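I have placed the structure first, in the form of structure tokens, so that the comments after it can refer back to it.
Residue numbers (this note's numbering): 140 to 648.
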């Protein structure tokens with residue numbers, strides 16, 4: 140029996156431009172140019188960047204090409220119009236135009252307005268043909284894009300110098316050029332009812348844990364928001380512990396970092412409009428790992444990891460330790476040093492905790508000012524400002540010279556961490572530890588550290604313990620934690636990620 144034709148759904152009530160694209164999911168494209176033109180004009184009223192170009196196909200019906208000015212390659216649009224208006228004839232249906240006439244590599248047929256609007260506003264061009272209830276989507280995206288450049292937040296001495304930019308397909312191509320395997324999958328999502336932001340979930344089939352993959356897909360699918368303008372929106376939606384100060388998703392601008400994570404069995408999320416990709420799961424020991432560790436010889440990389448670990452504790456604890464020792468436990472300081480500190484603090488009107496808070500807040504303010512100011516003067520303001528303010532504060536008798544040294548060394552130590560979001564966590568936790576030290580001394584620091592370690596041990600990131608593989612202990616995975624073993628020793632992927640294919644190197648014959 141013949142199937143019953145699907146009844147065309149009416150357009151949403153009221154002004155069309157007040158409705159989201161999702162409400163056009165079952166609204167079919169009309170068969171006449173006039174109807175489609177009326178709908179498009181109503182949808183994009185007062186939108187000067189939307190171009191509706193009417194013309195006639197040679198010896199054929201009327202047609203209309205729609206695109207967003209500035210988001211297409213103009214020369215490719217001209218070639219498509221030329222093919223229809225001058226060079227070709229007797230191509231009157233959508234199938235004939237798509238298969239025979241248009242000199243476009245990417246062309247697909249569309250039947251509903253939701254897909255049409257999504258593609259149009261993403262940079263594609265859409266062709267309507269009179270008498271056809273199907274439109275043609277032409278992949279003519281272009282416009283001005285930032286070129287591939289060196290990442291600004293993850294510079295290296297040795298290693299690739301290319302970084303992501305704001306164009307999603309450029310970013311996916313950079314990852315694809317690193318991993319030339321058909322097992323590299325890139326699953327597409329559209330998130331944001333108004334922005335319709337394209338999001339790519341990329342992973343290695345046959346390596347990634349299916350449970351991890353399913354969990355990430357579910358969390359992405361559950362996001363309900365009007366717009367996604369940067370990957371940070373998605374990071375907050377998908378993390379396990381929303382109120383934890385510790386990052387549970389890694390951010391990176393480097394394609395090689397994404398490729399390495401995918402080969403380990405992790406997943407990466409790339410968002411259109413931002414050069415920062417997300418990597419999950421992300422644990423504590425990834426704080427100490429930089430991409431350069433795997434390009435230098437293992438002994439140098441291991442030394443640098445220990446230096447970062449020591450710097451991490453120094454950045455977290457040194458102001459609190461100074462406050463506790465100088466206030467409650469002066470017997471722990473050598474006599475000569477104690478006399479020197481006492482002499483420098485003789486004219487200071489504030490207790491040590493107030494000194495530390497003043498200097499830490501001033502240092503953080505200078506650091507923030509250096510980021511916000513133009514790059515030419517930003518570094519000079521950060522460095523010279525800290526020197527001038529510190530020297531002036533000492534001469535004015537507001538803070539002691541010892542406190543300036545402690546705060547300066549703390550700031551330097553925080554810069555050694557390769558992960559910027561991890562260093563922010565350390566900077567935040569430094570202040571409650573200082574307050575605990577001012578009240579309880581070393582006991583307060585111990586209480587604070589115990590609370591932090593207990594919290595870290597409770598966190599999971601997509602089902603993976605945050606402190607893995609140290610706790611729970613997985614001895615075989617310790618080759619890439621506090622030390623970086625030689626490449627010929629790291630022949631297996633991390634077991635704590637639940638990889639389906641653990642072996643990375645073929646056994647020697």
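Each residue gets a CB set at the ideal place from its N, CA and C atoms; glycine is no exception.
Remember, it's a predicted structure, so these values are computed and weren't measured experimentally.
Of the residues the options, the one placed nearest residue i, counting alpha carbons only
i           : options               : result
residue 362 : 251, 352 and 374      : 374
residue 393 : 385, 463 and 407      : 407
residue 641 : 370, 347, 257 and 415 : 347
residue 296 : 431, 466 and 504      : 431
residue 338 : 322, 307, 231 and 545 : 307
residue 567 : 322, 179 and 496      : 496
residue 649 : 294, 222 and 529      : This structure does not reach residue 649, given that the chain is present from 140 up to 648, and the question cannot be answered.
residue 485 : 498, 473, 499 and 465 : 465
residue 159 : 334, 293, 315 and 611 : 334
residue 414 : 292, 461 and 499      : 292
residue 589 : 572, 309, 355 and 638 : 572
residue 290 : 250, 245 and 395      : 395
Identified DSSP bridge partners for residue i
i           : result
residue 408 : 340 and 417
residue 642 : 631
residue 619 : 623
residue 603 : 600
residue 320 : Paired residue(s): none; residue 320 is not in a bridge.
residue 511 : Paired residues: none, contrary to the question.
residue 280 : 211
residue 326 : 340
residue 249 : 274
residue 390 : 417
residue 266 : 204 and 275
residue 167 : 251
Coil, strand or helix - residue i by DSSP
i           : result
residue 628 : coil
residue 597 : helix
residue 235 : helix
residue 364 : coil
residue 637 : coil
residue 152 : For residue 152, the predicted model reports a pLDDT of 47, less than 50, meaning its position is unreliable; a value from the coordinates is still stated below. Of the three classes helix, strand and coil, the one that applies to residue 152 here is coil, per DSSP.
residue 195 : strand
residue 571 : helix
residue 190 : strand
residue 204 : strand
residue 384 : coil
residue 473 : coil
residue 349 : helix
residue 611 : coil
residue 491 : helix
residue 579 : helix
residue 299 : coil
residue 220 : helix
residue 304 : coil
residue 290 : coil
residue 242 : coil
residue 538 : coil
residue 500 : helix
residue 159 : coil
residue 184 : coil
residue 332 : coil
Beta-carbon proximity of residue i to residue j, cut-off 7 Å
i           : j           : result
residue 378 : residue 598 : no
residue 275 : residue 311 : no
residue 477 : residue 469 : yes
residue 367 : residue 401 : no
residue 336 : residue 161 : no
residue 541 : residue 483 : yes
residue 662 : residue 192 : Any property of residue 662 remains undetermined from this structure, which presents the chain solely from 140 to 648.
residue 580 : residue 463 : yes
residue 248 : residue 164 : no
residue 454 : residue 553 : yes
residue 305 : residue 412 : yes
residue 502 : residue 536 : no
residue 255 : residue 219 : no
residue 324 : residue 344 : yes
residue 643 : residue 631 : yes
residue 557 : residue 416 : no
residue 623 : residue 440 : yes
residue 397 : residue 314 : yes
CB-CB length for residue i against residue j, believed under 8 Å
i           : j           : result
residue 207 : residue 188 : 6 Å
residue 384 : residue 564 : 5 Å
residue 602 : residue 350 : 7 Å
residue 418 : residue 389 : 4 Å
residue 448 : residue 621 : 7 Å
residue 434 : residue 298 : 5 Å
residue 282 : residue 211 : 7 Å
residue 376 : residue 358 : 7 Å
residue 243 : residue 278 : 7 Å
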